[in-house]
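Structure follows, in structure tokens:
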């Protein structure tokens, strides 16, 4: 696909070399970033992520800062970066020849768990926010309790069930459950994972934070189940409080208006809530949502 002159200029400045050709990537990721696989001299390739507006530009700057600080063999290598103050460009190792899930297998699930252990064991780059201070620590179930109309409009439970369950959910999902000193990705799902040589590579790091070492696993489990994987409790022994936090995150957001910069997010949040809400109920000993 044809690159505009300004796009070519930014990419070549990031790489320090000429781009021979480019193929636009469609259907990957939920944000409006522009994505390409570019071909360089000597038949080498690279993955390019180009911001599309001021919001995605800020996300991409945060992502680059994390990549630049990580020393993990389960993240793609940074090949280039250019920021003209308007629309930055990040160039990464091309993993497009890897294996992208779904479908899921036990080997892939184990590879993701190994990667998340490696991430949690890596020193967190300085300056990262705490998980509690991010969107994950916002008043998720309290927001639902204060105004349950949007949540109930999703049709996943009755008002009677919610009234009975809320005291337990509110107590379990207190924001301090997120506290810890481990590096967290905070957005683990199949769109951000690629498999190569038995390892799971994790990318899209703009939400990275510091917190409870088990939270990345907990957040991933509903999407894994949604894509044909096992039930969450069959994959990992996650504290019930984290299941409640994950369910609360989706419960407070799935019914909100579409995000212009990430138009697919609300739909996928609703689908993940379909898994996360019953999981939290089981984990906390509550009746099934009805």
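Numbering (our numbering), first residue to last: 107 to 396. Even for Gly, the Cβ is constructed at its ideal location relative to N, Cα and C.
Helix, strand or coil for residue i? Go by DSSP, reduced to three states.
i	result
residue 206	coil
residue 193	coil
residue 198	strand
residue 162	helix
residue 315	strand
residue 299	strand
residue 252	helix
residue 271	helix
residue 114	helix
residue 236	strand
residue 124	coil
residue 394	coil
By Cβ distance below 6 angstroms, which residues in the same chain neighbour residue i in space, the five residues on each side in sequence not counted?
i	result
residue 145	126, 127, 151
residue 263	395
residue 246	354, 355, 358
residue 109	128
residue 154	117, 142, 144, 197
residue 347	278, 283
residue 169	311, 312
residue 191	none
residue 352	324, 325, 382
residue 342	323
residue 374	none
Do you know offhand how far residue i's Cα is from residue j's?
i	j	result
residue 330	residue 296	8 angstroms
residue 221	residue 315	16 angstroms
residue 275	residue 318	19 angstroms
residue 372	residue 383	16 angstroms
residue 334	residue 209	7 angstroms
residue 123	residue 112	15 angstroms
residue 253	residue 148	59 angstroms
residue 187	residue 350	38 angstroms
residue 321	residue 114	39 angstroms
residue 280	residue 368	28 angstroms
residue 162	residue 120	17 angstroms
residue 174	residue 249	36 angstroms
residue 243	residue 189	30 angstroms
residue 370	residue 140	15 angstroms
residue 336	residue 327	9 angstroms
residue 157	residue 366	14 angstroms
Which two residues bound the contiguous beta strand (DSSP E) that contains residue i?
i	result
residue 230	Careful: residue 230 lies outside any beta strand (DSSP E) and carries neither H nor E.
residue 187	184-188
residue 308	305-308
residue 290	288-290
Leaving out five residues before and five after residue i in sequence, what residues of the same chain have Cβ atoms less than 8 angstroms from its Cβ?
i	result
residue 183	198, 199
residue 251	272, 276
residue 229	289
residue 267	393, 395, 396
residue 240	292, 313, 315
residue 177	228
residue 301	204, 205, 206, 207, 214, 217, 307
residue 339	385, 388, 389
residue 181	173, 307, 308, 309, 311
How would you write the range of the alpha helix (DSSP H) that residue i sits in, first residue to last?
i	result
residue 127	That residue, residue 127, is in no alpha helix (DSSP H); its beta strand (DSSP E) goes 127-130.
residue 374	371-389
residue 326	321-332
residue 145	Segment 140-145 is the beta strand (DSSP E) holding residue 145; no alpha helix (DSSP H) there.
residue 152	Careful: residue 152 lies outside any alpha helix (DSSP H), inside the beta strand (DSSP E) at 151-156.
residue 340	338-341
residue 352	346-357
Considering only heavy atoms of the ligand HEM, does any lie closer than 6 angstroms to the CB of residue i?
i	result
residue 151	The ligand HEM is not among the ligands present in this structure, which contains no ligands whatsoever.
Starting from the C-beta of residue i, find all residues in its chain whose C-beta is less than 7 angstroms away, skip the five residues before and the five after it, and write them out in chain order.
i	result
residue 361	256, 257, 259, 260
residue 392	271, 274
residue 298	308, 309, 310
residue 377	332
Does the beta carbon of residue i sit closer than 7 angstroms to a beta carbon anywhere in chain D?
i	result
residue 377	Chain labels in this structure do not include chain D; a single protein chain is all it has.
- Cβ contact (3+ pairs, closer than 8 angstroms) linking the region 299-312 and the region 201-212: yes
- Item | Touch test, the region 277-293 against the region 217-237, Cβ-Cβ under 8 angstroms, three pairs minimum | yes
- Item | Given 8 angstroms, three or more beta-carbon pairs between the region 207-214 and the region 252-261 | no
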